[in-house]
Structures are given as structure tokens and as C-alpha cells.
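*Asks:* Could you have a look at this structure, given as C-alpha cells, before my questions?
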Amino acid sequence: MHEAAGSIIRPGRRRAGVLTLFGFVLLAAQPSHAADTPDAAAGRTIAETGVLTGHVGCSACHLMNGAGQPDVGIPRLAGFSAAYLEQQLGYFATDKRRDSWMAPYARMLTQKQMQDVAAYYAGLSEPPPPEADPASDGLRARGKEIFEKGVMANGVMPCGGCHGPAGQGMGTFAPHLAGQSAPYLLEQLRGWHQGKDRDPMGKMMATEAHAMTDADMQAVAAYLQNLPGPNAGAAK
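All the letters of the sequence shown, read from the start, carry residue numbers -34 to -1, 1 to 202 under mature numbering (1 follows the signal peptide of the UniProt record, and there is no 0).
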């Protein structure tokens, strides 16, 4: 599947390319910082009622506890770093990450309001993962193997190498994944598999997901949805 100049690209060579991308995306990952200190209480108000009369707040989709709506693929926000949430809001507002739902809401926010609402959701306890379906035990076991070990024969690197062994993420570079909605994760993986960058941070994921089968992606999404975050249920 990976051919260049008539030769097969080995996993080791793919890793070198991924590491090169790592350097570029780290530069792109640096969020802007305003002088004001983020106000989580103000962020709570934004989450609850929005910033414009007649418009709903973030909680209409992501809920006040940041749990999202897993059944319909709306992602969880609790547990993410404030820097990552602020970064993504900035991407939505400037069309660096295109989304017809999020863009209008992000554009309503000032930079300070982005910081405030990011601080609010980042300060919430991670909700516990949904109850696992025993019928999906085999699928999750396969997802765990891919997450921890990759599929080296196909050039798929271990997801935990960037996202952490517990899915806890790495700031703005690699988001927190434990307990995330499986439908949402699968949608993102399929987009990257099709070559969509999604945002300035997406080039590495497009490279990684390109080598995954759809069965691989479904397995990883199922595993992560039921993976408890390192701070699940803990007060922050």
C-alpha cells in the first residue's frame, strides 16, 4: 500500500517521516496567550448561556459536565487541557479547522472568552466511561493491542506513543482520548484515513490513519471509549 519509486516504505522509514512531521506540528501547536488570567467562572456562564441573546451555549451539545453525547458522536470536553481547547476554538473561528456547527459559535467568542470557556471545561472531572458491552470484548481487546503495540507490519505506530499509555494526551500536540465517544473518534479516524488534514495538527494523524484498516479504526475507537481516564471521577 505504501510504495515510492518502486520500493516498499518500511515502518522504520515511516517513523522517520512521522518524526519530521512531529517537529512541524509542535511549532503549529503553540497557542496564543493573552495577558489576562482565564476566568473559569466566566467560562461556565458562556457554556451555560452563550454570549449572544437567542443563541445557546456550549452545554447544549457538550453538556455542563463536559461529557458530550457519545451516542450521537458529540465529543467529551472534560479532561482536555485548556491549551488544547483554546487552540481548537481558534482553529474553528479562523476556518483552520472547518466545521459547519462549531465555526459560528467559535466566531462569537473573543480570545479571552475562548480562554475562559476552555478553562471551565478543562477544570471539570472526567466522567466515568460508559458501561462496556460484553459482546464487544473482542473488538476492544484488538483496539487495546493496536493502541499499545500498533500494527508494525502495516506501518501503524502505537497510538499510546503520542496520546499516552492511559490515553491522557500530551497538551496541544496530542489530545486526551480516554473515554471519548467512539462514533466521534471513528469519524475523525476515517477522515484522516481519507487524507483530510482536519486542522494544522492533522498531518501526522493523516499519515498514521492512512495505514489503518476500517476494522482497526473501529477497534481503537471502541477501546478508547471504555478506557477510564487517569482522573475520571476525581475532583480537580
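Glycine included, every Cβ here is placed at the ideal spot set by N, Cα and C.
#1: What whole-angstrom Cβ distance do A33 and Y87 have, given they're in contact under 8 Å?
#2: Looking at P95: is its Cβ nearer than 8 Å to the Cβ of P194?
#3: For V83 and A119, what's the separation of their Cα atoms in angstroms?
#4: Restricting to runs no shorter than 4 residues, where is the alpha helix (DSSP H) found entirely within the region 47 to 99?
#5: On the CB-based measure, 16 or more other CB atoms within 10 Å of its CB, does D165 come out buried or exposed?
#6: To the nearest angstrom, how far is it from the Cα of H142 to the Cα of P41?
#7: Going by Cα to Cα distance, which pick from D163, G16, Q160 and M183 is closest to M74?
#8: Helix, strand or coil for Q35 per DSSP?
#9: When DSSP labels each residue in this structure, what does P144 get in the three-state scheme?
#10: Which class does V17 belong to by DSSP, given the choice of helix, strand or coil?
#11: Considering Cα atoms alone, identify which of Y71, D2, S147 and K78 is closest to H21.
#12: Does DSSP classify L(-14) as helix, strand or coil?
#13: Which of the three DSSP states is assigned to V186 in this structure?
#14: Along the chain, where does the alpha helix (DSSP H) containing A175 start, and where does it finish?
#15: Measuring CB to CB, does A107 end up less than 8 Å from L152?
#16: To which residues of the same chain is G116 closer than 7 Å at the C-beta, ignoring the five residues directly before and after it?
#17: With F113 as the anchor, note down where its alpha helix (DSSP H) starts and where it stops.
#18: Alpha carbon to alpha carbon, how far is M136 from H129?
#19: If you draw a straight line from the alpha carbon of D180 to that of T3, how long is it in whole angstroms?
#20: Nearest CA to the CA of Q54: which residue from I112, Y150 and Q81?
#21: Which partner residues of M136 appear in the DSSP bridge assignment?
#22: Assuming S25 and A8 make a contact with CB atoms under 8 Å, what is their CB distance in whole Å?
#23: Beta carbon of L155, beta carbon of A140: below 8 Å?
#24: S66 to A59, Cα distance in whole Å?
*Replies:* Result, derived from the coordinates:
#1: Rounded, the Cβ-Cβ distance is 10 Å, inconsistent with contact.
#2: The answer is yes: Cβ separation under 8 Å.
#3: If I take the Cα positions, the gap works out to 43 Å.
#4: Taking 4 residues as the shortest admissible run, the region 47 to 99 contains the following complete alpha helix (DSSP H) segments, listed from N- to C-terminal end: 48 to 59, 68 to 73 and 77 to 88.
#5: D165 comes out buried.
#6: Cα to Cα, H142 sits roughly 11 Å from P41.
#7: The shortest C-alpha separation from M74 is found at G16.
#8: Strand.
#9: The amino acid at residue 144 is misidentified as Pro; the sequence shows Ala. Residue state for A144 is assigned as coil, using DSSP reduced to three classes.
#10: It is coil, neither helix nor strand.
#11: It is Y71.
#12: Caution is warranted here: a pLDDT of 47 is assigned to L(-14), below 50, making its placement in the model unreliable, and no coordinate value can be reported.
#13: The three-state reading of DSSP puts V186 in helix, counting H, G and I together.
#14: From DSSP, the alpha helix (DSSP H) with A175 extends over K169 to H176.
#15: It is not a contact, given that the beta carbons lie outside the stated cut-off.
#16: For G116, where only same-chain residues beyond five positions count, the Cβ hits under 7 Å are V122, M123 and P124.
#17: Bounds of the alpha helix (DSSP H) holding F113 are D103 to K115.
#18: Cα to Cα, M136 sits roughly 6 Å from H129.
#19: Taken atom to atom, the span from the alpha-carbon of D180 to that of T3 is near 43 Å.
#20: Cα-wise, what sits closest to Q54 is Q81.
#21: Answer is A140.
#22: Contact flag wrong, Cβ pair sits at about 14 Å.
#23: Contact: no.
#24: The straight-line gap from Cα to Cα measures roughly 11 Å.
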